[in-house]
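Participant: My questions will all concern the structure given below.
2 protein chains.
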Amino acid sequence: MNLILLFDDDFLDDERARLTGRRLEHATSVHRAVVNDALVVGVANGKIGTGTVTRIDSEALEMRVTLDRDPPAALPVTLVLALPRPKVLNRVIASATSLGVKRIFLINAWRVEKSYWKSPRLSEENLRTQRILGLEQARDTVMPSIELRRLFRPFVEDELPAIVGDLVAVVAHPGAVSPLPANASTIAIGPEGGFIEQELASLERAGFARASLGERILRVETAVAVALARFV
Amino acid sequence: MNLILLFDDDFLDDERARLTGRRLEHATSVHRAVVNDALVVGVANGKIGTGTVTRIDSEALEMRVTLDRDPPAALPVTLVLALPRPKVLNRVIASATSLGVKRIFLINAWRVEKSYWKSPRLSEENLRTQRILGLEQARDTVMPSIELRRLFRPFVEDELPAIVGDLVAVVAHPGAVSPLPANASTIAIGPEGGFIEQELASLERAGFARASLGERILRVETAVAVALARFV
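Same order as they appear, the protein sequences are chains A and P. The numbering used here numbers the first residue of the first sequence as 14 and each following residue consecutively. The numbering used here numbers the first residue of the second sequence as 14 and each following residue consecutively.
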């Protein structure tokens with residue numbers, strides 16, 4: 014982790030924070046932090062600064078925190094993602110978070126296997142952990158939202174047009190003629206095998222244009238990074 | 014797999030191929046292929062076309078192969094990558110391959126843990142498997158080369174200048190001022206924690222300029238996709 018993300022609960026008072034568990038373990042074994050070391054810290058949804066270690070042992074890390082700068086700018090893109098296989102979900106969430114996306118919808122699609130929706134990786138706790146890992150990686154503090162939508166049509170027909178508004182929305186689809194436009198504001202990425210034709214038609218009615226990420230068919234985790242790279 | 018990659022050994026004669034093992038399993042369980050189905054196939058380092066199933070059972074898949082088109086254009090980028098953690102190596106190789114890179118160097122660096130070089134994932138067989146998975150994903154046939162360089166300085170000082178030639182070479186480094194140039198021909202990406210200053214200086218003497226992939230620090234697998242996305 015390139016930044017230690019702090020939460021309200023971690024603060025002993027306005028200036029002092031106390032960490033245990035994973036973050037203590039990481040500071041000890043990876044950073045090999047000792048007293049007086051200055052660690053990069055950030056407050057969840059707040060500023061970034063320095064945590065000066067005042068105590069570190071097997072029980073706890075205590076630090077004096079000064080916050081002096083803003084987190085990096087958010088990526089101005091909403092990601093609408095067909096729920097990936099559980100095996101790749103964690104990586105995709107952490108990766109999209111590290112790239113600065115602040116609003117993620119995980120949606121159903123014909124080629125999303127029903128069992129994926131039962132994965133324990135969709136727990137609030139796991140999704141929170143993956144976002145924290147992404148923020149810590151990228152030295153960001155602003156937690157993206159993740160919204161689950163288990164029904165494709167009501168989401169795309171009733172909710173998505175208002176999310177898109179007057180801005181540019183695209184669905185990444187192999188074989189599309191146009192490249193991804195640089196002003197896209199909402200990007201939809203399908204499941205392995207892609208959205209089916211009816212789903213693409215629904216997305217088009219909701220204001221989405223088909224866009225290509227190149228001639229090659231990419232795995233979802235690669236496709237997400239390639240699509241978002243245009244905005245980094 | 015979006016393409017079944019065929020090798021010389023698979024051919025019974027000029028037009029007929031016979032598959033067993035992983036590819037038979039995949040054609041059966043994922044494609045649910047039956048006789049007369051037309052599958053997308055390609056010959057390793059050769060053309061792409063159609064395999065019409067003439068037999069499929071628990072023992073073998075036989076197909077009549079016609080090849081009629083070229084694989085997608087290669088990505089005109091050489092990737093010089095500090096050897097990633099074994100856990101992410103497979104994904105990075107498959108992902109870079111799927112994006113069309115045709116020459117990959119895996120090199121040592123100060124922050125590459127020595128144990129990584131002992132990973133069984135560096136076996137010729139595993140590296141071949143990961144490249145095949147990347148080609149099958151992207152419907153490509155042209156196997157990238159992977160060259161291992163366990164000594165940083167001899168590689169960077171003696172070998173790399175000739176690889177770069179007169180073309181543009183960049184090393185992705187957080188905090189660099191310039192963005193990745195669109196005409197980069199060789200891209201170096203460091204280990205977790207980045208190349209150290211001496212390594213960056215060596216790379217600069219070998220003709221590399223520092224370039225930024227944005228304000229955020231990215232995991233190697235995300236950084237590779239984001240860097241290569243500029244050329245897709």
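Idealized CB from N, CA, C, for every residue including glycine.
(1) Quick one, which residues of the segment 146 to 163 of chain A are near chain P if we go by CB-CB under 8 Å, in chain order?
(2) Between the segment 105 to 113 of chain A and the segment 71 to 80 of chain A, are three or more C-beta pairs nearer than 8 Å?
(3) Between the alpha carbons of Arg35(P) and Arg45(P), how many angstroms are there, rounded?
(4) Going by C-alpha to C-alpha distance, which of Val90(A), Leu216(A), Ala40(A) and Val183(A) sits closest to Gly157(A)?
(5) Quick check on Thr235(P): does DSSP put it in helix, strand or coil?
(6) So, does the segment 182 to 199 of chain P touch the segment 81 to 101 of chain P, judging by three or more C-beta pairs under 8 Å?
(7) Could you spell out the range, first to last residue, of the alpha helix (DSSP H) harbouring Arg31(P)?
(8) For Leu226(P), go through chain A and note every residue whose CB falls closer than 9 Å to its CB, in chain order.
(9) What first and last residue would you give for the beta strand (DSSP E) that runs through Gly64(A)?
(10) Can you confirm whether Gly55(A), when its beta carbon is compared against all beta carbons of chain P, has any partner nearer than 8 Å?
(11) Tell me, which residues are paired with Pro192(P) by DSSP?
(12) Look at the Cβ atom of Val245(A), then the Cβ atom of Leu241(P), and state whether they are nearer than 8 Å.
(13) List the residues of chain P whose Cβ lies closer than 9 Å to the Cβ of Pro85(A), in chain order.
(14) Output needed for Leu146(P): all residues of its chain with C-beta closer than 7 Å, excluding positions within five of it in sequence on either side, in chain order.
(15) Among the candidates Leu32(P), Gly220(P), Val105(P) and Asn103(P), whose CA atom is the shortest distance from the CA of Asp171(P)?
(16) Report the three-state DSSP secondary structure of Pro85(A) (helix, strand or coil).
(17) Counting only Cβ pairs nearer than 9 Å, list the residues of chain A close to Val113(P).
(18) In chain P, which residues lie less than 8 Å from Val233(A) when you measure between Cβ atoms?
(19) If you drop the 5 nearest sequence neighbours on each side, which residues of the same chain put their C-beta closer than 6 Å to that of Glu234(P)?
(20) Tell me the residue span of the beta strand (DSSP E) that contains Arg162(P).
(21) Could you tell me whether any Cβ in chain P is nearer than 8 Å to the Cβ of Gly15(A)?
(22) Buried or exposed: which applies to Ser215(A), given that a residue is buried once 16 or more other Cβ atoms fall within 10 Å of its Cβ?
(23) Excluding the 5 residues preceding and the 5 following Asp23(A) in the sequence, name in chain order all residues of the same chain whose CB lies nearer than 7 Å to its CB.
(24) Under 8 Å between C-beta atoms, does Ala195(A) make it to chain P?
(25) What's the C-alpha gap between Glu217(A) and Pro167(A)?
(26) What residues of chain P sit near Val169(A), judged by a beta carbon separation below 8 Å?
(27) In whole angstroms, what separates the C-alpha of Asp21(P) from that of Val56(P)?
(28) Where do the N-terminal and C-terminal ends of the beta strand (DSSP E) with Lys115(P) fall, by residue?
(29) Below 8 Å on C-beta distance, what does Val239(P) contact in chain A?
(30) What does the Cβ neighbour count give for Gln211(A), buried or exposed, with the cut at 16 atoms within 10 Å?
(31) Using the beta-carbon of each residue, which ones in chain A are nearer than 9 Å to Ser108(P)?
(32) Leaving aside the five residues before and after Asn15(P) along the sequence, list all residues of the same chain whose C-beta is less than 8 Å from its C-beta, in chain order.
(33) In terms of alpha-carbon separation, which member of Ser191(A), Tyr129(A), Val239(A) and Leu80(A) lies closest to Glu28(A)?
(34) Can you give the Cα-Cα distance for Arg229(A) and Ile61(P), rounded to whole angstroms?
Facilitator: Quick look at the numbers:
(1) Within the segment 146 to 163 of chain A, the qualifying residues are Gln150, Ala151, Arg152 and Asp153.
(2) no
(3) 14 Å
(4) The question names Gly, but residue 157(A) in the sequence shown is Pro. The candidate whose alpha carbon is nearest that of Pro157(A) is Val90(A).
(5) Correct three-state label for Thr235(P): helix.
(6) Because the criterion of three Cβ pairs below 8 Å is met, the segment 182 to 199 of chain P and the segment 81 to 101 of chain P touch.
(7) It is not in any alpha helix (DSSP H) - Arg31(P) instead sits in the beta strand (DSSP E) that spans Arg29 to Leu32.
(8) Simply Ala242 and Val245.
(9) Ile61 to Ile69
(10) no
(11) Pro192(P) is bridged by DSSP to Ser225(P).
(12) no
(13) Gly227, Glu228 and Arg229
(14) Ala107, listed in sequence order.
(15) Considering only alpha carbons, the answer is Gly220(P).
(16) coil
(17) The question names Val, but residue 113(P) in the sequence shown is Gly. Near Gly113(P) (Cβ distances below 9 Å), the residues of chain A are Gly227, Glu228 and Arg229.
(18) Correct list: empty, because the minimum Cβ distance to chain P is about 11 Å.
(19) Val101, Arg104 and Val105
(20) Residue range Ser158 to Arg162 is occupied by the beta strand (DSSP E) that includes Arg162(P).
(21) This sequence places Asn at residue 15(A); Gly is not what is there. Taking Cβ atoms only, chain P reaches closer than 8 Å to Asn15(A), which makes this a yes.
(22) buried
(23) Ala30, Arg31 and Leu32
(24) no
(25) 15 Å
(26) Within chain P, no residue comes near Val169(A); the closest Cβ sits about 25 Å away, beyond 8 Å.
(27) 8 Å
(28) Val114 to Ile120
(29) Leu112, Ala238, Val239, Leu241, Ala242 and Val245
(30) exposed
(31) Correct list: Leu231, Arg232, Glu234, Thr235 and Ala238.
(32) Val53, Glu149, Gln150, Ala151 and Arg152
(33) Looking at the Cα atoms, Leu80(A) is the closest of the given residues.
(34) 13 Å
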